[in-house]
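Colleague: Protein chains in written order, with our numbering: chain X, 3 to 113; chain F, 734 to 1266. Below are the structure tokens for one structure; questions will follow.
What follows is the structure, encoded as structure tokens:
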């Protein structure tokens, strides 16, 4: 059952930039988490997720994002989001993600 | 030991317990807790090598959380599952092994290697260790409570997000017409709200599958890979198609799980919104169409009012009256009496099949053409041919006009007559007998093959009466669908032979209404009544 989630990863300075495409569900959340862990153990504590190409996210996907936020907070790091679909931004707000994560326009908005 | 020194040592120990509890309680996972615990143990007991293991329950295996000696796990595996806290020391008390059951039924094992400098573990160390293990258990319970609290907050936030998404979905759905876009939105929202992995909407015409929409869009559904399923149908007799929405493999962090009652409710709510949106759009469309129809009827009614006469001409030596009562807003009947240039009069009654704007336009065409030909004073049979051609060209195949015309010479009472498929008008003779006028041909607009119309000349003698009418009179029905009938009309005509034209028309309309006995007028009623005094 091939799913259509795709993740690309790059380091821009000290920021890990993850670009998602497709449904952020258990499969998508797991992929994001695995990629995050690789860099987190190397000391990266600023992560930007660009979700321009993801229009749909479920609560399992969100639970992975919350875990990433918690891990980053423990290391004084921050998770950033950019290019959010309006419906996803609303869902993230209701789920309380922006109490600890931040919204930026692009990687240049991260100090 | 000096009492002050003992007090200070105990005080420091209590502080250490408090700090340890705070550090352990703030950990984000059991692994993080165990790492912190290992540091606390090492700091308090000057232990060289420490390992920590965890078991979820009696049936599960030990998991290594911290291990500084590969042999430590072997030692733990030899011990039975604990029912409290147990501390074991080796023969020379250079190593301690503890195993403790935690409050939630899990277990923690700790292996402490030799102390720095090779010191032995004292009895006080063993008691202190028990206190630390109790501390760990309390911190672990606190950690579990915080985890549950987080899950509860997550679950509450998720419920609010679901409700919010339902409301937003309803609004979005109401803005989109039924089609792929609406179905894709519905499917995507249903999938995310229920945590389904993927889903589809199948479109059926009767029982034949005509289309399928998938989400995520490019997946291939393998029936063997489906572990849980939730489906509901969107079928409404008013919809052209039936739709089946299916959701597959409800996700959880532990793997695929079954859909529950909440998922069913959510899916039902989304489909109800789709159904309402489609129904509302249908009703809106119907309202718009009705509005257009009402507007058309209003225009048709205006056209007709201009065509039908407000009053009929006074003809010296005659008593003339006419009536038109439409059954609906716009009548398909037509009547008129024109004064011709040569002093004669044209009495016309026609009946167009159908009603509304198309019928009204056809009546308008007939009236305009008729006026032109009447002025040209061509023979009636020839005029009928020309009118037939015009009506044939102006109308659809299912629309035609029955038509009767009588050109009256008021001086002689002579009438030149053509009847194109209309109800035969009646002449009430002075001896109270009735003559039916059949002369003519087929109705206008049925054929355009040059079929001739036969005209006829009839003299209306003094005292005789001519009744031209539409089928709305003899075919008026009561609730049992009994018609007023030609026979009753003949009888009414012959038994009311003293009435003026106005009184006769009024009274026969009343008689028709009496027959209908409150039933809705099924057809237009139109009539001309002419009495030669």
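Cβ coordinates follow ideal geometry from the N, Cα and C atoms, glycine included.
Shorter than 8 Å from the beta carbon of residue 109(X) to some beta carbon of chain F?
Modeller: Not closer than 8 Å to any Cβ of chain F, the Cβ of residue 109(X) fails to qualify, so no.
Colleague: Would residue 805(F) be called buried (16 or more neighbouring beta carbons within 10 Å of its own) or exposed?
Modeller: By the 10 Å Cβ count, residue 805(F) comes out buried.
Colleague: Pick out whichever of 1200(F), 1036(F), 1106(F) and 937(F) has its Cα sitting closest to the Cα of residue 1096(F).
Modeller: When each option's Cα is compared against that of residue 1096(F), the closest is 1036(F).
Colleague: Which stretch, first to last residue, makes up the beta strand (DSSP E) that contains residue 944(F)?
Modeller: Run containing residue 944(F): 941 to 948, per the beta strand (DSSP E) assignment.
Colleague: With 8 Å as the limit, tell me which residues of the stretch 879 to 903 of chain F have their beta carbon closer than that to any beta carbon of chain X; keep them in chain order.
Modeller: Going along the stretch 879 to 903 of chain F in chain order, one finds 886, 887, 890, 891, 893, 894, 897, 898 and 901 with a Cβ nearer than 8 Å to chain X.
Colleague: What residue range is occupied by the uninterrupted beta strand (DSSP E) comprising residue 829(F)?
Modeller: 829 to 834 is the extent of the beta strand (DSSP E) around residue 829(F).
Colleague: Taking the runs of the alpha helix (DSSP H) that are 4 residues or longer, which of them lie wholly in the stretch 988 to 1052 of chain F?
Modeller: List check, alpha helix (DSSP H) in window: 994 to 1040.
Colleague: Please identify the residue among 939(F), 1144(F) and 1225(F) whose C-alpha is closest to the C-alpha of residue 1076(F).
Modeller: Considering only alpha carbons, the answer is 1144(F).
Colleague: Give the list of continuous alpha helix (DSSP H) stretches no shorter than 4 residues that lie fully inside the stretch 1210 to 1264 of chain F.
Modeller: Taking only runs of at least 4 residues, the alpha helix (DSSP H) segments lying wholly in the stretch 1210 to 1264 of chain F are 1219 to 1228 and 1234 to 1249.
Colleague: Can you name the residues that DSSP bridges to residue 1142(F)?
Modeller: Its beta-bridge partners are 1147(F).
Colleague: Does the count of Cβ pairs from the stretch 1208 to 1215 of chain F and the stretch 1168 to 1186 of chain F closer than 8 Å reach three?
Modeller: The stretch 1208 to 1215 of chain F is not in contact with the stretch 1168 to 1186 of chain F.
Colleague: Determine the DSSP secondary structure at residue 976(F), reduced to helix, strand or coil.
Modeller: Note: residue 976(F) maps to strand in three-state DSSP.
Colleague: How is residue 850(F) classed by DSSP in three states: helix, strand or coil?
Modeller: Reduced to three states, the DSSP call for residue 850(F) is helix.
Colleague: Using C-beta distances below 7 Å, list every residue in its chain close to residue 102(X), excluding the 5 sequence neighbours before and after it, in chain order.
Modeller: These residues qualify, in order along the chain: 71 and 75.
Colleague: Does the beta-carbon of residue 1109(F) have 16 or more other beta-carbons within 10 angstroms, so that it is buried, or is it exposed?
Modeller: Burial call: exposed.
Colleague: Using 8 Å as the cut-off, can you tell me whether the stretch 981 to 994 of chain F makes contact with the stretch 958 to 972 of chain F, which would need three or more C-beta pairs spanning the two stretches below that distance?
Modeller: Contact between the stretch 981 to 994 of chain F and the stretch 958 to 972 of chain F is present, because at least three Cβ pairs lie under 8 Å.
Colleague: Hey, how far is the Cα of residue 911(F) from the Cα of residue 57(X)?
Modeller: Going by the C-alpha atoms only, they are around 21 Å apart.
Colleague: Answer yes or no: does any C-beta atom of chain X fall closer than 8 Å to that of residue 923(F)?
Modeller: With 8 Å as the cut-off, residue 923(F) does not count as an interface residue toward chain X.
Colleague: Against chain X, does residue 1091(F) count as a neighbour if the rule is that its beta carbon must be under 8 Å from one of theirs?
Modeller: Residue 1091(F) does not count as touching chain X.
Colleague: Kindly indicate which three-state DSSP category residue 784(F) falls into: helix, strand or coil?
Modeller: Strand at residue 784(F).
Colleague: Exposed or buried, what is residue 751(F) when buried is set at 16 or more other beta-carbons lying within 10 Å of its beta-carbon?
Modeller: With fewer than 16 other Cβ atoms within 10 Å, it is exposed.
Colleague: Please confirm if residue 928(F) has its CB atom under 8 Å from at least one CB of chain X.
Modeller: Taking Cβ atoms only, chain X reaches closer than 8 Å to residue 928(F), which makes this a yes.
Colleague: What is the C-beta distance between residue 1071(F) and residue 1263(F), in whole angstroms, given that I count them as a contact (C-beta under 8 Å)?
Modeller: Incorrect: roughly 14 Å between the Cβ atoms, too far for contact.
Colleague: Hey, how far is the Cα of residue 34(X) from the Cα of residue 43(X)?
Modeller: About 14 Å.
Colleague: Answer with yes or no whether the minimum CB distance from residue 986(F) to chain X is below 8 Å.
Modeller: It does: the Cβ of residue 986(F) has a partner Cβ on chain X nearer than 8 Å.
Colleague: Do we get a CB-CB distance below 8 Å when we pair residue 89(X) with the residues of chain F?
Modeller: With 8 Å as the cut-off, residue 89(X) counts as an interface residue toward chain F.
Colleague: Helix, strand or coil, according to DSSP, for residue 54(X) in the structure here?
Modeller: Here residue 54(X) sits in strand by DSSP.
Colleague: Just by C-beta distance, which residues in the stretch 993 to 1017 of chain F are closer than 7 Å to chain X?
Modeller: Flagged: no residues at all.
Colleague: Quick check on residue 824(F): buried or exposed, where buried means 16 or more other Cβ atoms within 10 Å of its Cβ?
Modeller: Classification of residue 824(F): exposed, given that the 10 Å Cβ count is below 16.
Colleague: Can you name the start and end residues of the beta strand (DSSP E) that residue 12(X) belongs to?
Modeller: First-last of the beta strand (DSSP E) with residue 12(X): 8 to 14.
Colleague: Looking at the secondary structure, which residues open and close the alpha helix (DSSP H) in which residue 1267(F) lies?
Modeller: Because residue 1267(F) is not part of the residues shown, which for chain F are 734 to 1266, the question remains open.
Colleague: If contact means a Cβ-Cβ distance below 8 Å, which residues of the stretch 950 to 972 of chain F contact chain X?
Modeller: Correct list: 950, 951, 952, 953, 954, 955 and 958.
Colleague: Using the rule of at least 16 other Cβ atoms within 10 Å of the residue's Cβ for burial, across every protein chain shown, is residue 1039(F) buried or exposed?
Modeller: Exposed: under 16 other Cβ atoms inside 10 Å.
Colleague: Report the option in 1194(F), 914(F), 837(F) and 1186(F) whose CA atom is closest to the CA atom of residue 878(F).
Modeller: It is 837(F).
Colleague: Give the C-beta separation of residue 980(F) and residue 1004(F) to the nearest angstrom, bearing in mind that I take them to be a contact with Cβ-Cβ under 8 Å.
Modeller: The Cβ separation is near 12 Å, so there is no contact.
Colleague: Report the residue from 789(F), 1021(F), 749(F) and 1136(F) whose alpha carbon sits nearest the alpha carbon of residue 862(F).
Modeller: Checked all of 789(F), 1021(F), 749(F) and 1136(F); the closest Cα to residue 862(F) is 749(F).
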